[in-house]
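A short worksheet on the structure shown next.
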Amino acid sequence: MTDTPSALIECRNVTKRFGSTVAVDDVSLGLVKGRATALVGENGAGKTTLMSVLAGELQPDEGTILVEGEERRFRSAMDARRAGIAIVHQELSLFPDLTVAENVALGREPTRGLSVINNSKLHTSVQETLEFIRISLNLDQLVGELSPALQQLVEIAKALHSRPRVLILDEPTSSLGTQEVEVLQDCVRRLEDQEASVVFVSHRLDEVFDFADNVCVMRDGRLVAQGPLAEYTSDALVTEMVGREITQVYPERDHPPEDRPPFLELSNVTAGFVRDLSLSVSPGSIIGIGGLEGQGQSLVAEIVAGIRQPEQGSVRVAGEEVKLRSPQDALRHGIAYVPPDRRTSGLMLPLSITKNAAVSALRRIHKLGLIRPNPERLEVSSVADQLHLRYKRLSQEVSELSGGNQQKVLFGRWLLVPSLKLLVLNDPTRGVDIGARAEIYALLRKLTEDDVCILLISTDLMELLGLADLIYVMYEGRITGSVLREQATEEEVMRLAANPDGQGS
């Protein structure tokens, strides 16, 4: 692929180090005009670092970048943008207190005299970008008021506003529902028609096959495979990514839980967008909640976790009606919560692995108000081994870990709570690679064998189908139906997800 005459941008023998760590090791690849290239690999494989080099955010220690055969050295992201290269990161870079138009055109606002922004031209140019993506938004609405899916589309519009010849999408669908993914896929096809090159970085292999024409596989900082995507199966890609065969991503369940009294019951609960909702979760079970993005699933997780209180209805834990007024209240009842955004609402990034994991067990490991370092390290080390955590030392800042290993730290936090009865998971494998996913899924199954019950909210339909014993499906804040594991199919779940007339269960 690197020698093809139609390569729009190439990297040759690129190496990038961070101290003694070689994040990208002698990588050469080319991006073809009018084609979408999937870049896949485990967390920590070097994908984002390589793309940051191409986008001018990082400078390579060795190697060269060529744009249409001409060697270029980007000293900043602005240099790369001038060369027609734009990147959309998984973590949003939007300003919530600015409008849609202001965010999309930020740094490229049209002016008239004395550097005064020409709002008419600004709105016209942003509207043209949104029309290219084929989405309709109020240009004067504050971005902070939008759903996560629409914020993600605004982030993509921000990159497209400069009319790039190369668009790099790093986990662009992690916050998108099915409809928004289809919008993005259509947009990528039209970019290809204009002879742009698109890089699609994703852990969702089903989407990789929908979006891309070519594929590059990275492992441990090196490029280990590349070629037309049609030459690969999903299993073959997974093997290349992890360096071993993963035969069973979703662990088998030999003995589904028998009928048991529920640990958690929500009865006719109303809270904000959620209306008249009833569900139950029994010990040892995994109960899923699915549906199109933004139908109230996350609100249910927040109600159970004590973040949001019901306006009507009741919550019962172990048969007793309770008022969960805070996450601390929920934890006292054995309920723990893993939020969807580990970086902003889950982890304390400047702190160490030990401090992030042990925060849930402070009452047990402190004495007379002082933390005892040895018990703290021993407990965290034991959990790290159990989770196959990849790290240099427990004192390492958690921000230095890959996304999958950061997620494992979040899970490890609650494994240190011996009274854990219910784990509420909101998109628990967002941005997590296939190898780490398999390990997390195995952990969840082990927890159910210890009678912990799990409430799983996920925008990944295959995850729900692979794990849940029962799937509740939501539409506009209500449950439109439920499907048992044995009868659950993509078609049945999507039928309920798109059915405004479905009957509550």
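Everything in the sequence shown is counted per the working numbering, starting at 641 for the first residue and increasing by one. We put the CB at the ideal spot given by N, CA and C, even for glycine.
Presumed contact (8 Å Cβ cut-off) between residue i and residue j, rounded CB distance
{"i": "A745", "j": "S765", "result": "6 Å"}
{"i": "I929", "j": "I1097", "result": "5 Å"}
{"i": "V667", "j": "C651", "result": "6 Å"}
{"i": "P967", "j": "A945", "result": "6 Å"}
{"i": "I1117", "j": "F913", "result": "With the sequence shown as reference, residue 1117 is identified as Gly, and Ile is not the correct amino acid for it. Rounded, the Cβ-Cβ distance is 4 Å, consistent with contact."}
{"i": "V1064", "j": "I975", "result": "7 Å"}
{"i": "V664", "j": "G686", "result": "5 Å"}
{"i": "E795", "j": "V707", "result": "Actually they do not touch by this definition, with Cβ atoms about 24 Å apart."}
{"i": "G1052", "j": "A1024", "result": "7 Å"}
{"i": "A1044", "j": "V1072", "result": "Correcting the residue identity first, residue 1044 is Gly in this sequence and not Ala. Yes, G1044 and V1072 are in contact; Cβ-Cβ is about 5 Å, under 8 Å."}
Terminal residues of the alpha helix (DSSP H) in which residue i lies
{"i": "N743", "result": "740-744"}
{"i": "M1134", "result": "1130-1137"}
{"i": "K656", "result": "Where K656 is concerned, there is no enclosing alpha helix (DSSP H), although the beta strand (DSSP E) it sits in stretches over 647-658."}
{"i": "R1085", "result": "1074-1089"}
{"i": "L1105", "result": "1101-1107"}
{"i": "I943", "result": "937-944"}
{"i": "G1071", "result": "Where G1071 is concerned, there is no enclosing alpha helix (DSSP H), given that its DSSP letter is neither H nor E."}
{"i": "G1044", "result": "1043-1055"}
Spatial distance of residue i from residue j (CA atoms)
{"i": "L786", "j": "P901", "result": "39 Å"}
{"i": "L1008", "j": "A997", "result": "Low confidence applies here, because L1008 scores a pLDDT of 48, under 50, leaving its location unreliable and the question unanswered by this model."}
{"i": "S992", "j": "G709", "result": "44 Å"}
{"i": "G1142", "j": "R713", "result": "Because G1142 sits at a pLDDT of 47, beneath the cut-off of 50, its placement in the model cannot be relied upon, and the following sentence gives the value as read from the coordinates. In a straight line, the C-alpha of G1142 is about 57 Å away from that of R713."}
{"i": "G1075", "j": "G883", "result": "10 Å"}
{"i": "M988", "j": "L1062", "result": "23 Å"}
{"i": "E1131", "j": "V1123", "result": "11 Å"}
{"i": "D737", "j": "D780", "result": "11 Å"}
{"i": "P645", "j": "N653", "result": "Since pLDDT at P645 reaches only 46, below the 50 mark, its modelled position is unreliable, and the value read off the structure follows with that caveat. Going from the Cα of P645 to the Cα of N653 covers about 18 Å."}
{"i": "G936", "j": "E951", "result": "15 Å"}
{"i": "L863", "j": "A678", "result": "13 Å"}
{"i": "T642", "j": "L669", "result": "Residue placement at T642 is poorly supported in this model, since its pLDDT is 42, which falls under 50; the coordinates are not used for a value here."}
{"i": "V1049", "j": "D1109", "result": "26 Å"}
{"i": "G703", "j": "E1126", "result": "53 Å"}
{"i": "G681", "j": "E768", "result": "35 Å"}
{"i": "M1102", "j": "G724", "result": "36 Å"}
{"i": "A911", "j": "E933", "result": "18 Å"}
{"i": "E749", "j": "P804", "result": "17 Å"}
Nearest to residue i (by Cα), restricted to the options the options
{"i": "L1027", "options": "Q1047, A876, K963, S918", "result": "Q1047"}
{"i": "A1138", "options": "K761, F658, G817, L1083", "result": "G817"}
{"i": "E711", "options": "Y1115, I727, S755, I649", "result": "I649"}
{"i": "D1067", "options": "G931, D850, L706", "result": "G931"}
{"i": "N683", "options": "V841, V823, G674", "result": "V841"}
{"i": "L1056", "options": "S1022, C856, V978", "result": "S1022"}
{"i": "P891", "options": "M1114, L1105, A1128", "result": "L1105"}
{"i": "R721", "options": "L694, E742, A741", "result": "L694"}
{"i": "T1088", "options": "R1017, V889, E898", "result": "E898"}
{"i": "F735", "options": "T677, V783, I775", "result": "V783"}
{"i": "R972", "options": "T1069, Q949, Q937, L1060", "result": "L1060"}
{"i": "N743", "options": "R752, G724, H763", "result": "H763"}
{"i": "L964", "options": "Q949, G670, A1001", "result": "Q949"}
{"i": "E822", "options": "H843, E847, P804", "result": "E847"}
{"i": "L790", "options": "A1108, S815, G674", "result": "S815"}
{"i": "R675", "options": "L777, V855, Q1127, E1016", "result": "V855"}
{"i": "D875", "options": "S954, R893, F849", "result": "F849"}
{"i": "P601", "options": "K656, V940, S776, P990", "result": "The structure shown does not extend to residue 601, since the chain is modelled only from 641 through 1145, so no value can be given for it."}
Boundaries (first-last residue) of the beta strand (DSSP E) holding residue i
{"i": "G670", "result": "661-672"}
{"i": "R1118", "result": "1118-1124"}
{"i": "N854", "result": "854-859"}
{"i": "A678", "result": "676-680"}
{"i": "L1095", "result": "1093-1097"}
Residue-chain proximity (residue i, chain B), Cβ-Cβ < 7 Å
{"i": "N1066", "result": "The question asks about chain B, but that chain is absent: this structure has only one protein chain."}
### Query
What are the uninterrupted segments assigned as beta strand (DSSP E) that are 3 or more residues long and contained completely in the segment 803-849, given in chain order?
806-810, 837-841
### Query
What runs of the alpha helix (DSSP H), each 4 residues or longer, lie entirely inside the segment 959-1009?
967-972, 982-985, 993-998, 1002-1005
### Message
If we require 3 or more residues per run, which beta strand (DSSP E) segments fall completely within the segment 890-933?
### Response
904-911, 914-921, 926-930
#### Entry: beta strand (DSSP E) runs wholly inside the segment 692-718, at least 3 long, in chain order
702-707, 710-712
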